[in-house]
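Structure first, then comments.
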Amino acid sequence: DAKTTQPPSMDCAEGRAANLPCNHSTISGNEYVYWYRQIHSQGPQYIIHGLKNNETNEMASLIITEDRKSSTLILPHATLRDTAVYYCIVRVPEHSGGYQKVTFGIGTKLQVIP
Amino acid sequence: IAGITQAPTSQILAAGRRMTLRCTQDMRHNAMYWYRQDLGLGLRLIHYSNTAGTTGKGEVPDGYSVSRANTDDFPLTLASAVPSQTSVYFCASSDRSSGTDTQYFGPGTRLTVL
Chain A
665 DAKTTQPPSM DCAEGRAANL PCNHSTISGN EYVYWYRQIH SQGPQYIIHG LKNNETNEMA
725 SLIITEDRKS STLILPHATL RDTAVYYCIV RVPEHSGGYQ KVTFGIGTKL QVIP
Chain B
3 IAGITQAPTS QILAAGRRMT LRCTQDMRHN AMYWYRQDLG LGLRLIHYSN TAGTTGKGEV
63 PDGYSVSRAN TDDFPLTLAS AVPSQTSVYF CASSDRSSGT DTQYFGPGTR LTVL
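Going down the list, the protein sequences come from chains A and B. Under the working numbering, the first residue of the first sequence carries the number 665, and numbering increases by one thereafter. Under the working numbering, the first residue of the second sequence carries the number 3, and numbering increases by one thereafter.
Written as structure tokens, this is what we have:
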């Protein structure tokens, strides 16, 4: 799996958009970009994923650059409950007889400030 | 829809005792996984199951066993617990027949072995 680089921490004012960057300059053509978050003492929560097109769901938007070497997760109106560690990972979905584990890096600790 | 449930939420266990962590999903996902999360080591895959009736070893399988008698349940057993198995355990599931094999995680079991 390609390596990702994220800033270790960010602050965001409550109600404002939180823009979390991720660099994945060695991403290969068949690797997807996934975002998860982990709120303290809870299980990792899937947020969104994409291959090359921008994606939006009820939680967030994912913007992937045209060369796919970086992406940005956007939480449009951050709330205090969005305070968490956010993980960007890139991986190829496994469809053969093997397995595909999820490997989290250090992630970005997002602190939403009242 | 509950998603993935795990039981117990937390447990303190004497070394040498046998313990089974339970995991149930109601999403009819074919694949299930057990991870442990330790500070500084991230998520590590213990065992996985690509479909009911099959299981496989992950990165750190020693001291653990699993079974997959049906689609919904994937219990993890510690035959004789040791203090190094103190950790937070997460169960996950995914639909390997989908295009992206996204893994969804349970809330976790915090296990302390004394």
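Note that the Cβ used here is the ideal one computed from N, Cα and C, for glycine as well. Since this is a predicted model, take the numbers as computed values, not measurements.
Where does Ala71(B) land, buried or exposed, given buried means 16+ other C-beta within 10 angstroms? exposed
For His49(B), is the classification buried or exposed, using 16 other Cβ atoms within 10 angstroms of its Cβ as the cut-off for buried? buried
Determine the closest residue to Arg19(B) out of Met34(B), Leu47(B), Asp97(B) and Pro85(B), with distance taken between C-alpha atoms. Pro85(B)
Any contact of the region 16-34 of chain B with the region 64-80 of chain B, i.e. 3+ C-beta pairs under 8 angstroms? yes
Does Tyr106(B) come within less than 7 angstroms of chain A when only Cβ atoms are used? yes
For a contact defined as C-beta to C-beta under 9 angstroms, what are the partners of Lys765(A) on chain C? Among the chains of the structure shown, chain C does not appear; the protein chains present are A and B.
When the Cα atoms are used, what is the spatial distance from Pro10(B) to Leu23(B)? 7 angstroms
Between Gly707(A) and chain B, is any beta-carbon pair separated by less than 7 angstroms? yes
By the three-class DSSP mapping on this structure, what secondary structure does Pro685(A) have? strand
Does DSSP classify Asp675(A) as helix, strand or coil? strand
Chain A contacts from the region 71-99 of chain B (Cβ-Cβ distance under 9 angstroms): Val90, Phe92, Cys93, Ala94, Ser96, Arg98 and Ser99
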